[in-house]
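To start, the structure under review is shown below, and the notes come after it.
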Amino acid sequence: MTTLEDRPNTALLVVDVQKGVMAVSHEAGTVVANVGVLVTKARRAGVPVVWIQHSDEGMARGSDGWQYVPELTRAETEPLVEKSFPDSFEDTTLEQVLAGLGVGRLVVSGAQTDVCIRSTLHGALARGYDATLVSDAHTTEDLTEWGAPPPPQVIAHTNLYWRFHTAPGRTAGTVTTEEVDFGTGS
């Protein structure tokens with residue numbers, strides 16, 4: 391139901407599942423395993439997997455922490471979009487990559503729930519994409535020291551509000567890793 395004309399395809403976004411991010415993330419092993427399942431499902435269905443990789447002062451491009459976790463391997467034919475802002479669309483090539491693939495619908499996974507995942511979801515919807523969050527394939531670090539809720543609450547709250555998020559002519563929502571069926575569009 392995307393508002394982007396002639397963009398019937400779906401893509402899986404794998405956002406910032408990098409060593410430095412996942413080293414401090416809640417239930418990282420489970421989330422990485424679920425993202426791995428999603429990547430396998432997407433590849434089997436011929437759905438593009440688009441890898442997003444963050445860098446900033448705390449995670450320098452090329453550093454060990456900047457690298458993707460070893461459990462996930464990007465195929466050389468799969469696009470890699472480098473970013474330095476939370477919204478994966480902001481000042482990146484993501485829109486051009488998706489346009490070239492005819493993508494109007496995104497399935498989103500990765501980290502960090504309360505920063506890059508939320509920003510990317512909202513950025514996608516604002517740009518006309520349908521955006522589905524995989525509820526058990528995103529995570530965040532513990533930021534309670536700075537007043538944030540504990541990670542399980544951040545994740546649950548994001549899943550709750552995204553499940554019911556709406557915009558004219560676009561769909562949002564959540565599914566579990568098990569429920570994702572790229573062959574049927576969910």
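Using the working numbering, the first residue of the sequence shown is number 391, and each one after it goes up by one. Glycine included, C-beta positions come from ideal geometry on N, C-alpha and C.
Cutoff 8 Å; reference residue i; Cβ partners in own chain excluding five residues on either side
i: L515; result: A521, H555, A557, R560 and A562
i: T503; result: H528, T529, T530, P541, V544, I545 and T548
i: P539; result: H547
i: T564; result: T522, L523, V524, S525, N549, W552 and R553
i: M449; result: Q408, G410, V411, G455 and W456
Rounded distance between the beta-carbons of residue j and residue i, thought under 8 Å
i: M412; j: V427; result: Wrong, their Cβ atoms sit about 16 Å apart, outside the cutoff.
i: G518; j: T393; result: 4 Å
i: V439; j: E468; result: 5 Å
i: I442; j: K473; result: 6 Å
i: G513; j: E535; result: Not really, about 27 Å apart at Cβ, beyond 8 Å.
i: V414; j: L462; result: The pair is not a contact, with the Cβ atoms about 17 Å apart (cut-off 8 Å).
For residue i, three-class secondary structure by DSSP
i: M449; result: strand
i: A401; result: strand
i: L394; result: coil
i: V407; result: coil
i: G419; result: helix
i: G426; result: helix
Residues near residue i by beta carbon distance below 7 Å, same chain, minus five either side
i: K409; result: D454, G455, Q457 and V459
i: L511; result: V498, A521, L523 and W552
i: M391; result: D520, G559, R560 and T561
i: R464; result: W441, Y458 and L470
i: K431; result: V570 and F572
i: E417; result: T529
Neighbourhood of residue i by C-beta, 6 Å cutoff - its chain only, sequence neighbours within 5 removed
i: L484; result: V471 and S478
i: R451; result: S445
i: V505; result: P476
i: A435; result: F572 and G573
i: G419; result: none
i: T566; result: S525 and D526
Any non-hydrogen atom of the ligand ATP within 7 Å of residue i CB
i: T564; result: The ligand ATP is absent from the structure shown, which contains no ligands of any kind.
Q.
Under 8 Å, with one C-beta from each stretch per pair, do the stretch 496-510 and the stretch 402-413 reach the 3-pair mark?
A. yes
Q. Can you list, in chain order, the stretches of the alpha helix (DSSP H) that have 4 or more residues and sit fully within the stretch 502-563?
A. 508-516 and 541-553
Q: Only counting runs of 4 or more residues, tell me where the alpha helix (DSSP H) segments fall wholly within the stretch 433-493, in order along the chain.
A: Scanning the stretch 433-493 for uninterrupted alpha helix (DSSP H) segments of 4 residues or longer gives 484-490, listed from N- to C-terminal end.
(Q) Can you confirm whether the stretch 452-461 touches the stretch 476-493 when touching is taken to mean that 3 or more C-beta pairs between the two stretches lie within less than 8 Å? (A) no
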